[in-house]
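Worksheet: one structure, shown below.
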Amino acid sequence: MNVANLQLEGLLMAIASINQVLVRKGVLSVEEIDIALRKAEASETNEERSEGMSASSRDAVNFPIRLLELANQCQPETDMPSFSKLARMVGQIKESYNDQM
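To convert, take the position in the sequence shown, counting from 1, and add 44; that gives our numbering.
Here it is as structure tokens:
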């Protein structure tokens with residue numbers, strides 16, 4: 045596997061863990077993090093940004109955002125799902141997302 049991919053996996057899981065701590069300490073709510081991530085995804089999927097971009101490129105850009113959204117939805121759980129489990133969940137969501145387009 046490409047080392048850069050492993051580094052991104054680690055970074056995403058670190059951000060997910062930090063988000064979990066921010067919620068647990070009451071700094072941010074699950075809803076506030078969700079809104080921020082949805083805004084990030086919307087800005088990446090706007091017509092200007094995605095014009096001329098293939099569906100696979102849009103999916104690649106949105107993958108980390110969607111993974112963090114899923115990790116955020118797991119907040120009440122004490123254990124964060126593994127990267128591979130979250131990635132599978134993103135893949136399942138991606139299929140329904142692509143069906144809507």
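Glycine included, every Cβ here is placed at the ideal spot set by N, Cα and C.
8 angstroms Cβ shell around residue i - same chain, five flanking residues per side excluded
i, result
"Ser-87", "Arg-93"
"Ile-137", "Arg-110, Leu-114"
Residue j beta carbon less than 9 angstroms from that of residue i
i, j, result
"Ala-131", "Ile-109", "no"
"Val-67", "Ile-77", "yes"
"Leu-81", "Leu-52", "no"
"Asn-116", "Ala-60", "yes"
"Met-124", "Met-57", "yes"
Min CB distance residue i to chain B below 9 angstroms
i, result
"Glu-88", "Protein chains in the displayed structure number just one, and chain B is not present."
Residue interval of the alpha helix (DSSP H) (run including residue i)
i, result
"Asn-46", "Element bounds for Asn-46: n/a, residue is neither H nor E."
"Val-74", "74-88"
"Val-1", "Given that the chain is displayed from residue 45 to residue 145, the structure contains no residue 1 and the question cannot be resolved."
"Gln-117", "99-117"
Residue i classed as buried or exposed, judged by whether at least 16 other C-beta atoms fall within 10 angstroms
i, result
"Val-71", "exposed"
Beta-carbon contacts of residue i that lie in its chain and below 7 angstroms, excluding the five residues immediately before and after
i, result
"Ser-101", "none"
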